[in-house]
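**Q** Numbering (mature numbering (1 follows the signal peptide of the UniProt record, and there is no 0)), first residue to last: -22 to -1, 1 to 501.
Glycine residues also receive a C-beta, built at the ideal position from the N, C-alpha and C atoms.
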Amino acid sequence: MTGARVLSALAFAGTLAAPALAAAAPTRYALVIGNNLGDAQDAPLRYAEDDARKVHDVMRALGDVAPDRSELLLGEDADTVLRAVARINDEIRASPDRDDAMLFVYYSGHADARGLHLGATTLDLGLLERMIRGSSAGMRLLVLDACRSGAITRVKGATAGPPLQARVRVRPAGQGVVFLTASAAGEDAQESERLRGAFFTHYFVSGLLGAADSDGDGSVALDEVYKYAYDGTLRATSKTYAGIQHPTYAYEFRGQGEVVLTTLQATPVNHGALVVPAGRAFIVMQGGADGPVIAEVDAQARARKLVLRAGRYYLRGRGEDDLIEGSVTVAPGRTHALAASELQAFRYARMVRKGGSDRRLAHGPQVGYLLATPLDGGRLCHGVQVGYPLEARHFSVVPLAGWCRGGFTNAPLVATTDHVELGARLVHAWDLRGVSIDLGMHVGLGWLLQRFETPGRAGPRTGFAGRFGATAALTVDLAAGVYLGLTLTGGFAVLRRDPGPRLADAWAVVPSAQLVAGLGKRF
């Protein structure tokens, strides 16, 4: 069947689904498997078992899976997993409502095209597929977050993208089997140190917690969570060294009804709801800023509500121009509608300096009014200075270009002095509430042109000056990345100029100071 015909069939099924939504929820069974260890050639994983715990917890809390119908296997071998699948299948077969039952099986760990690597043992992928298909449950769902797991969907006509555009709907009393994999055949399923878990499972769990509820009906359906996990995985892995990871799916079903995986309307015991503001991408960490990442909500996601276990969380929300972050408490049975003002805001440079951004550099132009002490003993030098700061986490470099005009009047001589300088500031910044202060050093190399306005007295003179000194700056963030800046530099200049009517020596060392006030814009 072509993709267009499949989508048409799905859309038609969706139009018939409304009556089935009122049907009783199916009895759900969950088997969740995680193993950090593979065979001798597999490097140990760090987060596969943690990912399994996350999936197990969310299915227990929001997936309507009773404690006596859920099982979590960590670090077990192939025989133990096969016995668990057989035991659950026997239990479903003996149940009078088996046609309305749902079997959910999840695995995180090593795998190849032939099977799952469970420590030193291998679970044949074909055997696992046959056991899932052979279950008496009306709906069977297998989710694999493992390398090359797409082999199970490749032979069944998998689709790696774009994800489902219509609802995958299966009547609870109907028959259906769905396979979701974190990667296509031949691809690696990647883990993230920042997320402390696999990319696919991170977005899959985030979606189940509510981030995937795109229609706002208070439940997360299979197609919604797949699309959310698919989009998030592609977006995140497009920036990794290993390359883009393509989740896949394959399904066979008949009947009508919506495959709901989690419900958000009735808050479970010891849970509460958190609603994050629109227009920002939020990451939710458990406990504090260094805690594990629990969920993520994309900036463009329509769903902004997450159902979380009651407790303290640290949120980081990224906008176009700034980042907001801080601690939030989720109370049992309560909904916390978060306001951006509850969290502390950091502009771009602060984000980079805190290490709270994927970006390693903030940058942008600045321009200001320049006032400098004269190098020739005359009037103050007035002009303009432009720069382009490159702000990293620990140090910032600010390339500079400036021009100013001074001079002197000393009868019978009247002169103007133009000073053009290229320089740089190397500074370290400290971020305080509302302002930033930086300290460092300044170097510059300039060219001077002195012209005399009294006819016939003297011709123009040129010179060069090397400027060295300490520098301090104060910046105040405004909006949209714009800031006010005030910079003071003090030190000395080594001056080389042509001898003339006022000075016979070609070399001189003179004190030097500059004051610059202006505006900047960070990108």
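List the whole-angstrom C-beta distance separating GLY87 from GLY12, where the pair is believed to meet the contact cut-off of C-beta under 8 angstroms.
**A** Counting from 1 along the sequence shown, the entry for residue 87 is found at position 109. Counting from 1 along the sequence shown, the entry for residue 12 is found at position 34. 6 angstroms between Cβ atoms; contact.
**Q** Quick one: any contact between the region 491 to 499 and the region 455 to 472, if contact means 3 or more CB pairs under 8 angstroms?
**A** Yes, the region 491 to 499 is in contact with the region 455 to 472.
**Q** Determine, using beta carbons only, whether GLY385 and GLY355 come nearer to each other than 8 angstroms.
**A** Along the sequence shown, one-based indexing puts residue 385 at 407. Along the sequence shown, one-based indexing puts residue 355 at 377. No, the Cβ-Cβ distance between GLY385 and GLY355 is not below 8 angstroms.
**Q** Are VAL43 and MET109 closer than 8 angstroms when you measure CB to CB?
**A** Taking the sequence shown and counting its residues from 1, the one referred to as residue 43 is at position 65. Taking the sequence shown and counting its residues from 1, the one referred to as residue 109 is at position 131. No, the Cβ-Cβ distance between VAL43 and MET109 is not below 8 angstroms.
**Q** Answer yes or no: do HIS406 and GLY418 have a C-beta to C-beta separation smaller than 8 angstroms?
**A** Translated into positions along the sequence shown, residue 406 becomes position 428. Translated into positions along the sequence shown, residue 418 becomes position 440. Yes. Within cutoff.
**Q** Rounded to the nearest angstrom, what separates PRO4 and GLN322 at their Cα positions?
**A** In the sequence shown, counting from the first residue as 1, residue 4 sits at position 26. In the sequence shown, counting from the first residue as 1, residue 322 sits at position 344. In a straight line, the C-alpha of PRO4 is about 44 angstroms away from that of GLN322.
**Q** Curious, which full-length beta strand (DSSP E) runs of at least 3 residues does the region 243 to 277 contain?
**A** Those beta strand (DSSP E) runs which fall completely within the region 243 to 277 and span 3+ residues are 249 to 253, 259 to 264, 271 to 275.
**Q** Between ASP422 and the rest of its own chain, which residues show a CB-CB distance below 6 angstroms, the 5 nearest in sequence each way excluded?
**A** Numbered from its first residue, the sequence shown carries residue 422 at position 444. Residue identity check: residue 422 is Gly in the sequence provided, not Asp. These residues qualify, in order along the chain: GLU399, GLY401, ARG445.
**Q** Check each candidate in GLU274, GLY194, LEU119 and name the one with the smallest Cα separation from VAL83.
**A** Locating residue 83 in the sequence shown gives position 105, counting from the first residue. Ranking the options by Cα distance to VAL83, first place goes to LEU119.
**Q** Using CA atoms only, rank isn't needed, just tell me which of ASP29, ASP102, ALA207 is closest to VAL275.
**A** Taking the first residue of the sequence shown as position 1, residue 275 is located at position 297. Cα-wise, what sits closest to VAL275 is ALA207.
**Q** Does DSSP put PRO377 in a helix, in a strand, or in coil?
**A** Working through the sequence shown from its first residue, we reach residue 377 at position 399. Strand, per DSSP.
**Q** For LYS499, which residues does DSSP report across the bridge?
**A** For the purposes of this step, residue 499 is taken as the residue at position 521 of the sequence shown. For LYS499, which the question treats as bridged, DSSP gives the partners VAL460.
**Q** Rounded to a whole number of angstroms, what is the C-alpha to C-alpha distance between LEU452 and HIS341?
**A** Start at 1 with the first residue of the sequence shown, and residue 452 comes out as number 474. Start at 1 with the first residue of the sequence shown, and residue 341 comes out as number 363. About 17 angstroms.
**Q** GLY257 and ALA277 - do their beta-carbons sit closer together than 8 angstroms?
**A** By 1-based counting over the sequence shown, the position of residue 277 is 299. By 1-based counting over the sequence shown, the position of residue 257 is 279. Against a cut-off of 8 angstroms, the Cβ pair of GLY257 and ALA277 comes out as a contact.
**Q** I need the straight-line Cα distance from ALA259 to GLU298, nearest angstrom please.
**A** Mapped onto the sequence shown, residue 259 falls at position 281. Mapped onto the sequence shown, residue 298 falls at position 320. Looking at the two C-alpha atoms, the distance is approximately 10 angstroms.
**Q** Give the DSSP bridge partners of PHE324, in chain order.
**A** Position 346 of the sequence shown, counting from 1, holds the residue named residue 324. Partner(s): LEU301.
**Q** Compute the Euclidean distance between the alpha carbons of VAL392 and LEU410, then round it to the nearest angstrom.
**A** Residue mapping note: residue 392 aligns to position 414 of the sequence shown, counting from 1. Residue mapping note: residue 410 aligns to position 432 of the sequence shown, counting from 1. Rounded to whole angstroms, VAL392 to LEU410 spans 48 angstroms at the Cα level.
**Q** If you draw a straight line from the C-alpha of LEU186 to the C-alpha of ARG371, how long is it?
**A** Within the sequence shown, residue 186 is the residue found at index 208, counting from 1. Within the sequence shown, residue 371 is the residue found at index 393, counting from 1. Their backbone Cα atoms lie some 35 angstroms apart in a straight line.
**Q** What number of angstroms, rounded off, separates the C-alpha of ARG312 from the C-alpha of SER305?
**A** Walking along the sequence shown from the start, residue 312 turns up at place 334. Walking along the sequence shown from the start, residue 305 turns up at place 327. When rounded, the distance between both Cα atoms is 17 angstroms.
**Q** My guess is that PHE40 and THR211 are in contact by the Cβ rule of under 8 angstroms, so how many angstroms apart are they, rounded?
**A** In the sequence shown, the residue the question calls residue 40 occupies position 62. In the sequence shown, the residue the question calls residue 211 occupies position 233. Sequence inspection shows Leu at residue 40; the Phe mentioned does not correspond to that position. The pair is not a contact, with the Cβ atoms about 21 angstroms apart (cut-off 8 angstroms).
**Q** Relative to the C-alpha of TRP485, which residue among THR394, PHE442, PHE182 is closest?
**A** Locating residue 485 in the sequence shown gives position 507, counting from the first residue. Minimum Cα distance to TRP485 is reached at PHE442.
**Q** On a CA-only basis, which of GLU230, GLY265, ARG38, PHE177 is nearest SER216? Give me that one, please.
**A** Sequence index remark: in the sequence shown, residue 216 carries index 238 (1-based). That would be PHE177, whose Cα lies nearest to the Cα of SER216.
**Q** Taking the beta strand (DSSP E) that THR314 belongs to, which residues open and close that run?
**A** Against the sequence shown, residue 314 aligns to sequence position 336. Reading the sequence as shown, one finds His at residue 314 and not Thr. Here the beta strand (DSSP E) through HIS314 covers 313 to 315.
**Q** Report the option in ARG92, GLY289, VAL237 whose CA atom is closest to the CA atom of GLY104.
**A** Sequence index remark: in the sequence shown, residue 104 carries index 126 (1-based). For GLY104, the nearest C-alpha among the options comes from ARG92.
**Q** Sorted by chain position, which residues of the same chain lie with C-beta nearer than 6 angstroms to PRO141's C-beta, five sequence neighbours on each side aside?
**A** Along the sequence shown, one-based indexing puts residue 141 at 163. Because PRO141 sits at a pLDDT of 41, beneath the cut-off of 50, its placement in the model cannot be relied upon, and the point is left open.
**Q** By Cβ distance, which residues of its chain are closer than 6 angstroms to ASP17, with the 5 residues on each side in sequence left out?
**A** What you label residue 17 is simply residue 39 of the sequence shown in a count that begins at 1. Excluding residues within five positions, the ones whose Cβ falls inside 6 angstroms are HIS95.
**Q** Check each candidate in VAL10, VAL36, MET80 and name the one with the smallest Cα separation from THR58.
**A** As a first step, residue 58 must be located in the sequence shown, where it is residue number 80. It is VAL10 whose Cα lies nearest to the Cα of THR58.
**Q** Nearest by alpha-carbon distance to PRO74: which of ARG61, GLU107, ALA115 is it?
**A** Start at 1 with the first residue of the sequence shown, and residue 74 comes out as number 96. Among ARG61, GLU107, ALA115, the Cα nearest to that of PRO74 is on ALA115.
**Q** Please go through the same chain and pick out, in chain order, the residues whose beta-carbon is closer than 6 angstroms to the beta-carbon of ALA379, but skip the five residues on each side of it.
**A** In the sequence shown, the residue the question calls residue 379 occupies position 401. For ALA379, where only same-chain residues beyond five positions count, the Cβ hits under 6 angstroms are VAL364, LEU400.
**Q** Going by C-alpha distance, which of ASN67, VAL247, ALA89 is nearest MET80?
**A** The residue you call residue 80 lines up with position 102 of the sequence shown. Minimum Cα distance to MET80 is reached at ASN67.
**Q** What is the rounded straight-line gap between the Cα of ALA317 and the Cα of PRO255?
**A** Taking the sequence shown and counting its residues from 1, one reaches residue 317 at position 339. Taking the sequence shown and counting its residues from 1, one reaches residue 255 at position 277. So the two alpha carbons sit approximately 7 angstroms from each other.
**Q** Which same chain residues end up closer than 8 angstroms to ALA281 when comparing Cβ atoms and leaving out the 5 residues on each side of it in sequence?
**A** Locating residue 281 in the sequence shown gives position 303, counting from the first residue. Answer for ALA281: GLY188, ALA189, ALA190, ASP191, SER192, GLY194, VAL275, listed in chain order.
**Q** Go ahead and pull the three-state DSSP assignment for PRO489.
**A** Counted from its first residue, the sequence shown places residue 489 at position 511. Reduced to three states, the DSSP call for PRO489 is strand.
**Q** Tell me whether VAL413 is buried or exposed, calling it buried when 16 or more other Cβ atoms sit within 10 Å of its Cβ.
**A** Counting from one through the sequence shown, the residue named residue 413 turns up at place 435. By the 10 Å Cβ count, VAL413 comes out exposed.
**Q** Under the rule that 16 or more other beta-carbon atoms within 10 Å means buried, what is ALA431, buried or exposed?
**A** Taking the first residue of the sequence shown as position 1, residue 431 is located at position 453. In the sequence as presented, Ala is not what sits at residue 431; that position holds Glu. So GLU431 ends up on the exposed side.
**Q** Count the other CB atoms within 10 Å of the CB of HIS360; is the residue buried (16 or more) or exposed (fewer)?
**A** In the sequence shown, the residue the question calls residue 360 occupies position 382. The residue in question, HIS360, is exposed, as its Cβ has fewer than 16 Cβ neighbours within 10 Å.
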